[in-house]
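**Q** Heads up: the protein sequence lines correspond to chains A and B, in order.
Numbering of the first sequence is given in our numbering, commencing with residue 149 and proceeding in unit increments.
Numbering of the second sequence is given in our numbering, commencing with residue 3 and proceeding in unit increments.
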Amino acid sequence: MISRRNLAAAMFATAATGARAQNPDPLAGRFGGPFALTASDGRRVTDRDFAGRFMLVYFGYTRCPDVCPVDLLVMAEALKALGPDAARIQPLFITVDPARDTPASLADYAGSFDPRILGLSGSEEEIAAALRAYKVHRVKYIPAGHPEDYGIDHSSLTYLMGPDGVFRTLIPHGGTSERMKEIVAGYLAKG
Amino acid sequence: MRPATILAAAFLAAATLSPPALAQSPAQRVQVKGELVDTWCSVTGIMFAAGTAHHQCAVWCAVGGIPISIKTADGAYYMVLRIADDDHSVARKPFVKIQTHEVSVDGELIERDGVKYLFVSEVLDDAGIVDLTHEQNPISPFGE
């Protein structure tokens, strides 16, 4: 017998697929898709676990020297500004550096911006699949003589996915938390 | 109402209600001419962010994941999300190599939340770097 959880997940997947097929939004379907990763608390999660909630998805890594701290701060401030409405959103920080970002370090890092931001990691294959789905750019650069201190160039877009799992909008790096709050609130108001 | 009925109703609603994207602008075919810029430096206005004096910085920013845009003469930004059939990532390697060049492109324009996104079909012309800012400004960010 199918469980209620599996039934909901199946309905979510079917609705998302149907929305993509019928949706005239020219950006829908270009970004996002299924993922299966490990949360910073050790749980295995998939995109279907967040069905019914919006997702704010960001890709980065805990050793990022510049872009990630800025964008996560913007996200954290936007969540605060949204007030109770933020409960309708699951903010996600998906690592581009699964070799070094452990669940514990992701929890510490993402949580230092806002405890609601859930860090996600996984195997290299699982992360690569998520990067492909969201069309995330990732290139490792290795300083001469210090291979362990490598950095990772990566995309700096924040993705807003709807409660049906379908892409809603991009929020590029460089904006303010007020602007992010305004954009997200607009989509929350539409349901 | 039984849980299964609630779920079925929710499913029906999700499958039939129009998502908010229905209110979004449709894609338009456009031709755009302007300078390839790294969006962050250019929008924030730091380091004058244009032309020859900013070329190296623009390349670094683009490689580092900052979105590439085409800035037109009227100051509008068109953020490039794809070139031709390269759908692997939002990083645009062909444009990284020609940052700060003046290009003309044909593509699909999609506006969303005040941002103009461009899916480039073809580069019609590459005039090279035409804004010789190094004649008035030091090379950014670290000088010559």
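Idealized CB from N, CA, C, for every residue including glycine.
Only a predicted model underlies this, so the values are computations on that prediction, with no experimental measurement involved.
For the alpha helix (DSSP H) that contains residue 334 of chain A, what are its first and last residues?
**A** Walking along the first sequence from the start, residue 334 of chain A turns up at place 186. Counting along the chain, the alpha helix (DSSP H) containing residue 334 of chain A begins and ends at 325-338.
**Q** Would you verify that the beta carbon of residue 45 of chain B is, or is not, closer than 9 angstroms to some beta carbon of chain A?
**A** The residue you call residue 45 of chain B lines up with position 43 of the second sequence. Closer than 9 angstroms to some Cβ of chain A, the Cβ of residue 45 of chain B qualifies, so yes.
**Q** Scan the region 250-288 of chain A and note each continuous beta strand (DSSP E) run of 3 residues or more that stays entirely inside, going in chain order.
**A** Those beta strand (DSSP E) runs which fall completely within the region 250-288 of chain A and span 3+ residues are 266-269.
**Q** Using the C-alpha atoms, what's the distance from residue 324 of chain A back to residue 32 of chain B?
**A** The sequence position of residue 32 of chain B within the second sequence is 30, counting from 1. The sequence position of residue 324 of chain A within the first sequence is 176, counting from 1. Roughly 29 angstroms between the two C-alpha positions.
**Q** In terms of residues, what are the limits of the beta strand (DSSP E) holding residue 134 of chain B?
**A** Stepping through the second sequence from its first residue, residue 134 of chain B is reached at position 132. Element bounds for residue 134 of chain B: n/a, residue is neither H nor E.
**Q** Taking the continuous beta strand (DSSP E) assigned at residue 44 of chain B, which residues delimit it?
**A** By 1-based counting over the second sequence, the position of residue 44 of chain B is 42. Run containing residue 44 of chain B: none in the beta strand (DSSP E); it sits in the alpha helix (DSSP H), 41-46.
**Q** Closer than 9 angstroms by beta-carbon distance: list the chain B residues that pair up with residue 304 of chain A, in chain order.
**A** The residue given as residue 304 of chain A occupies position 156 in the first sequence. Residues of chain B passing the Cβ test: 42, 66, 67, 68, 69.
**Q** Rounded to whole angstroms, how far is the Cβ of residue 72 of chain B from the Cβ of residue 111 of chain B, which I believe are closer than 8 angstroms?
**A** Counted from its first residue, the second sequence places residue 72 of chain B at position 70. Counted from its first residue, the second sequence places residue 111 of chain B at position 109. Their Cβ separation, rounded to whole angstroms, is 11 angstroms, which puts residue 72 of chain B and residue 111 of chain B out of contact at 8 angstroms.
**Q** Using the Cα positions of residue 238 of chain A and residue 285 of chain A, report the straight-line distance between them to the nearest angstrom.
**A** The residue you call residue 238 of chain A lines up with position 90 of the first sequence. The residue you call residue 285 of chain A lines up with position 137 of the first sequence. About 23 angstroms.
**Q** Report yes if the CB atom of residue 117 of chain B is closer than 9 angstroms to the CB atom of residue 82 of chain B, and no otherwise.
**A** Locating residue 117 of chain B in the second sequence gives position 115, where the first residue counts as 1. Locating residue 82 of chain B in the second sequence gives position 80, where the first residue counts as 1. Contact: no.
**Q** With a 10 Å radius around its C-beta and 16 neighbouring C-beta atoms as the bar for buried, classify residue 290 of chain A as buried or exposed.
**A** For the purposes of this step, residue 290 of chain A is taken as residue 142 along the first sequence, with counting starting at 1. Under this definition residue 290 of chain A is an exposed residue.
**Q** Within 9 angstroms (strictly less), CB to CB, does residue 28 of chain B reach chain A?
**A** What you label residue 28 of chain B is simply residue 26 of the second sequence in a count that begins at 1. Yes, because at least one Cβ of chain A sits closer than 9 angstroms to the Cβ of residue 28 of chain B.
**Q** Suppose you measure from the CA of residue 157 of chain A to the CA of residue 74 of chain B; what does that come to, to the nearest Å?
**A** If you number the first sequence from 1, residue 157 of chain A lands on position 9. If you number the second sequence from 1, residue 74 of chain B lands on position 72. With a pLDDT of 49 at residue 157 of chain A, under the threshold of 50, the modelled position of that residue is not reliable, and the figure given next carries that caveat. In a straight line, the C-alpha of residue 157 of chain A is about 45 angstroms away from that of residue 74 of chain B.
**Q** Just to make sure I have the definition right: I need the residues of chain A whose C-beta is within less than 9 angstroms of the C-beta of residue 90 of chain B. Which are they?
**A** As a first step, residue 90 of chain B must be located in the second sequence, where it is residue number 88. Near residue 90 of chain B (Cβ distances below 9 angstroms), the residues of chain A are 280, 283, 285.
**Q** Can you name the residues that DSSP bridges to residue 79 of chain B?
**A** For the purposes of this step, residue 79 of chain B is taken as the residue at position 77 of the second sequence. The partner list for residue 79 of chain B (beta bridge, DSSP) reads B:73.
**Q** Please identify, using Cβ separations under 7 angstroms, the residues of the region 172-196 of chain A that lie next to chain B, in order along the chain.
**A** Hits within the stretch, in order: 172, 173, 174, 175, 176.
**Q** Can you tell me whether residue 130 of chain B is buried or exposed, with buried defined as 16 or more other CB within 10 angstroms of its CB?
**A** Within the second sequence, numbered from 1, the residue matching residue 130 of chain B stands at position 128. Flag for residue 130 of chain B reads exposed.
**Q** Scan the region 106-118 of chain B for residues whose Cβ lies nearer than 9 angstroms to a Cβ of chain A and list them as they occur along the chain.
**A** Going along the region 106-118 of chain B in chain order, one finds 110, 112, 114, 115, 116, 117 with a Cβ nearer than 9 angstroms to chain A.
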